[in-house]
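Here is the structure we will look at, set down as structure tokens.
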Amino acid sequence: MLKDHDIQPNNKAVLYDIAMIQQKSAEMLFGSRTTKRTLKDLKRLFASLTPDKAPMVPRKVATREIAEQRRKYGDNMLRKSEEHLATQKQRRRQKEWDRHGALERERLAELREEAGALAAQRKHVREQAMEWSRMESDEKKERKPKKAPKQKADGTGDAA
Numbered sequence: 014m015l016k017d018h019d020i021q022p023n024n025k026a027v028l029y030d031i032a033m034i035q036q037k038s039a040e041m042l043f044g045s046r047t048t049k050r051t052l053k054d055l056k057r058l059f060a061s062l063t064p065d066k067a068p069m070v071p072r073k074v075a076t077r078e079i080a081e082q083r084r085k086y087g088d089n090m091l092r093k094s095e096e097h098l099a100t101q102k103q104r105r106r107q108k109e110w111d112r113h114g115a116l117e118r119e120r121l122a123e124l125r126e127e128a129g130a131l132a133a134q135r136k137h138v139r140e141q142a143m144e145w146s147r148m149e150s151d152e153k154k155e156r157k158p159k160k161a162p163k164q165k166a167d168g169t170g171d172a173a
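If you number the sequence shown the way this note's numbering does, the last residue is 173 and the count never jumps.
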């Protein structure tokens, strides 16, 4: 599909209108929250806003002043592009950092849970060992023959 600027590439009025639309879309994107836009969108937008080096001002524009103001506005938007890109990059880094932190907290929670389970298992094994030790001690006591009580000598001296 051919567009107006494809048919008449030197028609500055068409290029001017396109530039105004691009600037308005940039304005709308700047106004949106960083959570609603992506770095890719910003880069694509700023690439489309590259300044036109042509000295010629469109003839169909009402006045040269309006065209000059629009050019200055576009240049100003390009200067702000680095600030917006930096903000968006910071947002992306923060999002990654938050995700990494959440994963780390989850991992630590799992480790604490495993440590608790291991401690409970060790406690159970210790209790079993103590019980076995008590049972073994009781068995040893039962196995030892009880010595018969010694009879006391009468002292009569009868030895038969």
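Where a beta carbon is used, it is the ideal one built from N, C-alpha and C, also for glycine.
- A straight-line Cα-Cα distance of about 14 Å links Y86 and M41.
- When DSSP states are grouped into helix, strand and coil, K108 belongs to the helix group.
- In the structure shown, T48 adopts coil according to DSSP, grouped into three states.
- Using a C-beta cut-off of 8 Å, the segment 127 to 146 makes no contact with the segment 78 to 94, since fewer than three inter-stretch Cβ pairs fall below that distance.
- Judged by their CB atoms, S94 and L124 are not nearer to each other than the 9 Å cut-off.
- Around the beta carbon of R50, a 10 Å sphere encloses 16 or more other beta carbons of the protein chains shown; the residue is thus reported as buried.
- Straight through space, the alpha carbons of R135 and A99 are spaced by roughly 53 Å.
- Counting other Cβ atoms within 10 Å of its Cβ, L116 stays below 16 and is therefore classed as exposed.
- By the criterion of a C-beta distance shorter than 7 Å, K102 is surrounded in its chain by L52, once the five residues flanking it on both sides are discounted.
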